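In this note's numbering, the protein residues as written are 7 to 223. Even glycine gets a Cβ: it sits at the ideal position worked out from N, Cα and C. Model, not experiment: these values are computed from the prediction.
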């Protein structure tokens with residue numbers, strides 16, 4: 007099968023995020039508030055596969071090896087291509103106490119992404135489905151979802167129970183840098199500081215209804 011990978015990696019590329027969770031009884035109120043303060047909203051359904059590098063032992067100083075993740079958007083009978091991505095350990099809370107800031111590399115893959123990951127020396131550890139809603143607010147994407155487990159016989163998602171906890175991720179939709187850079191007359195303004203301010207605005211908007219916070223992942 008033909009395959010093409012378009013990498014978007016570069017030095018000092020980060021994701022900035024806040025996380026939260028809530029019970030199903032609060033769903034309507036949270037949906038209403040987010041809808042009022044975002045530019046768009048749409049249903050979301052994704053499949054995510056987690057890979058670990060085959061044969062890699064514990065790293066020096068106790069650091070775990072970087073995990074590889076593959077994500078595919080599932081629509082109304084249509085599927086997107088795969089995105090491979092990986093995070094490194096988040097920056098220290100002393101450096102960024104307000105939000106999770108972690109190095110982030112992505113790679114768009116057309117073709118057999120799972121075989122591509124295998125060729126890189128990775129083996130599948132687990133997979134889940136996420137179903138819920140996705141909102142856009144400026145440079146941010148806000149995902150609100152329930153996790154669906156996988157039927158071991160069919161590999162299809164099992165619908166979440168109605169009282170399954172809802173999870174929320176408020177994060178940058180694309181990579182951001184540590185500082186603004188001028189290049190060919192264009193100024194890079196999607197900095198980590200700007201992104202932190204943006205997620206903190208959402209934190210303030212949701213205050214009293216949803217607790218959004220930094221997590222060490």
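The bridge partners DSSP lists for residue 46 are 142. Secondary structure of residue 41 (DSSP, three-state): helix. Residue pairing for residue 121: DSSP places it in no beta bridge.
Its Cα nearest to that of residue 184, the residue 107 stands out among 107, 103 and 47.
Between the alpha carbons of residue 86 and residue 158 lies a gap of roughly 23 angstroms.
As a beta-bridge residue in DSSP terms, residue 89 pairs with 77 and 114.
Around the CB of residue 209, 16 or more other CB atoms lie within 10 Å, so the residue is classed as buried. Counting C-beta pairs closer than 8 angstroms gives three or more between the region 136–146 and the region 165–179, which meets the contact rule. Annotation: the continuous alpha helix (DSSP H) that includes residue 200 extends over 198–211. By the Cβ rule, the region 118–135 does not count as touching the region 98–106, because fewer than three pairs are nearer than 8 angstroms.
Assignment of residue 166 by DSSP, reduced to helix, strand and coil, places it in the coil class. Of 84, 82, 78 and 110, the smallest CA-CA separation from residue 92 is found for 110. Here residue 220 carries a coil assignment [DSSP, helix/strand/coil].
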